[in-house]
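Novice: Before I ask anything, let me first share the structure, which is written out below as structure tokens.
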Amino acid sequence: MKHIHTANTDSSQPMSWNHPSVHKYADTIALKIPGYAHLYEMTDRLISAQLETQVYAQTTEPKVLIVGAGGGQELITLGGRHETWSFTAVDPSEYMLDLARRRVTQAGIGSKISFVTGTLGDLLCIQRNEQSEKQSKQPYENPLYDAATCLLVLHFLQGLESKQALLHQISARLKPGAPFCLASINGNPQEPAFSIQMQAWKGHMLNQGIPLEDWERFAASIGSGSDPVSNTVIQEMLADAGFSHITRYYGAFLVNAWFAVKGGEAAHGKG
1220 MKHIHTANTD
1230 SSQPMSWNHP
1240 SVHKYADTIA
1250 LKIPGYAHLY
1260 EMTDRLISAQ
1270 LETQVYAQTT
1280 EPKVLIVGAG
1290 GGQELITLGG
1300 RHETWSFTAV
1310 DPSEYMLDLA
1320 RRRVTQAGIG
1330 SKISFVTGTL
1340 GDLLCIQRNE
1350 QSEKQSKQPY
1360 ENPLYDAATC
1370 LLVLHFLQGL
1380 ESKQALLHQI
1390 SARLKPGAPF
1400 CLASINGNPQ
1410 EPAFSIQMQA
1420 WKGHMLNQGI
1430 PLEDWERFAA
1440 SIGSGSDPVS
1450 NTVIQEMLAD
1460 AGFSHITRYY
1470 GAFLVNAWFA
1480 VKGGEAAHGK
1490 G
């Protein structure tokens, strides 16, 4: 569910996650965002460090929720490094999930991953139906995860209410003390600083071989196809959703990543 151009050459047209051309995403995203691979490596190390402080995670096989899993980079990085981890990969775009499936199959880690085409609400319905089919007499309990990621997704949700709702939904599916990593495009498009960052980002993308029309489509999508908010608002929304120990751990132009913990204590809190 991350940004990628469509086959349409008209830079005024919005991008679409339901166009077959999204298969090009994996080939271009690393060119667009400086340090793209480092974002995922750092995400893995932060999640691993926090899980090491959790007693339950040391005695079980951690279950990780990937929100906006299309493209598959989270699955490739985390799944390739942790044989005992399992993943639930959720994304509303079937085309993007197909790309993720192909990549993880090539990497030989597909058996550890459950793919869900849809939203977190759809995932909950699926899990309830699965329990119903088992004819369990026990009351339904929302499955909880040991960790979660939501990378390069939040800025596509329009309005604070929808962003806040997603963060609350993620929080509700995490165990206390579970690590959560969030990355998004942040900033106020009305401020001069935003324009400077965009101009610098344009130079980077064009220097990496991204076509001018792709840049123009991306730039035109700010405020329409995407809805960035400030870093301060991100921190406030995370806190409101029940997360603590909120720390920015990555930045590249307007892309920022945040580490947080669902209640509980972060690794540094263990002294």
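Numbers given in my numbering equal positions in the sequence shown, counted from 1, plus 1219. In this text, a Cβ means the ideal position worked out from N, Cα and C, and glycines have one as well. None of these values were measured; they are calculated from a predicted model.
Does the structure place the segment 1322 to 1329 close enough to the segment 1292 to 1308 that three or more beta carbon pairs sit under 8 Å?
Specialist: With the cut-off at 8 Å, the segment 1292 to 1308 and the segment 1322 to 1329 touch.
Novice: Run through DSSP, which three-state label would V1372 get?
Specialist: V1372: coil per DSSP, three-state reduction.
Novice: Is A1384 helix, strand or coil when you go by DSSP?
Specialist: Looking at A1384 - three-state DSSP - the assignment turns out to be helix.
Novice: Sort G1289, P1398, T1336 and G1340 by Cα distance to M1261 and report the nearest one.
Specialist: Of the candidates G1289, P1398, T1336 and G1340, the one whose C-alpha sits nearest the C-alpha of M1261 is P1398.
Novice: Cα-Cα, which of F1375, K1282, L1363 and G1299 is closest to Q1388?
Specialist: Closest option to Q1388, Cα to Cα, is L1363.
Novice: Cα separation between D1317 and G1289?
Specialist: Each residue's alpha carbon lies about 8 Å from the other.
Novice: By the 10 Å Cβ neighbour count, where 16 or more other Cβ atoms means buried, how is L1473 classified, buried or exposed?
Specialist: Buried is the call here.
Novice: Could you tell me whether the segment 1408 to 1417 touches the segment 1437 to 1451, using the rule of 3 or more Cβ pairs below 8 Å?
Specialist: Yes: at least three Cβ pairs fall under 8 Å.
Novice: Who are the Cβ neighbours of T1303 in its own chain at under 6 Å, not counting the five residues just before and after it?
Specialist: Correct list, in chain order: E1280.
Novice: Just to confirm the assignment: which complete alpha helix (DSSP H) runs, minimum length 4, are found wholly within the segment 1245 to 1296?
Specialist: Taking only runs of at least 4 residues, the alpha helix (DSSP H) segments lying wholly in the segment 1245 to 1296 are 1255 to 1270 and 1274 to 1278.
Novice: What would DSSP say about S1449, mapped onto helix, strand or coil?
Specialist: DSSP places S1449 in coil when its eight states are reduced to three.
Novice: Starting from T1324, trace the alpha helix (DSSP H) both ways and give me its first and last residue.
Specialist: Counting along the chain, the alpha helix (DSSP H) containing T1324 begins and ends at E1313 to A1326.
Novice: What's the C-alpha gap between S1312 and T1336?
Specialist: For S1312 and T1336, the distance between alpha carbons rounds to 7 Å.
Novice: Compute the Euclidean distance between the alpha carbons of I1453 and G1428, then round it to the nearest angstrom.
Specialist: Roughly 31 Å between the two C-alpha positions.
Novice: Evaluate the contact criterion for the segment 1340 to 1349 versus the segment 1368 to 1377: three or more CB pairs, one atom per stretch, below 8 Å.
Specialist: They do not touch, by the three-pair rule.
Novice: With distances taken Cα to Cα, identify the nearest neighbour of G1470 among P1430, I1404 and L1270.
Specialist: Nearest option by C-alpha distance: I1404.
Novice: What is the DSSP secondary structure of D1459, reduced to helix, strand or coil?
Specialist: Reduced to three states, the DSSP call for D1459 is helix.
Novice: Can you check DSSP and say which residues form a bridge with N1475?
Specialist: Note: N1475 sits in a beta bridge opposite S1403 and G1470.
Novice: With a cut-off of 8 Å on the beta carbons, I'd call S1449 and G1406 a contact; round off their distance for me.
Specialist: Contact holds; Cβ gap of about 6 Å.
Novice: Since I1415 is in the alpha helix (DSSP H), which residue starts that stretch and which ends it?
Specialist: It spans P1411 to N1426 - the alpha helix (DSSP H) in which I1415 sits, taken as one unbroken run.
Novice: Could you pull the start and end residues of the beta strand (DSSP E) that A1397 belongs to?
Specialist: Run containing A1397: none; DSSP gives neither H nor E here.
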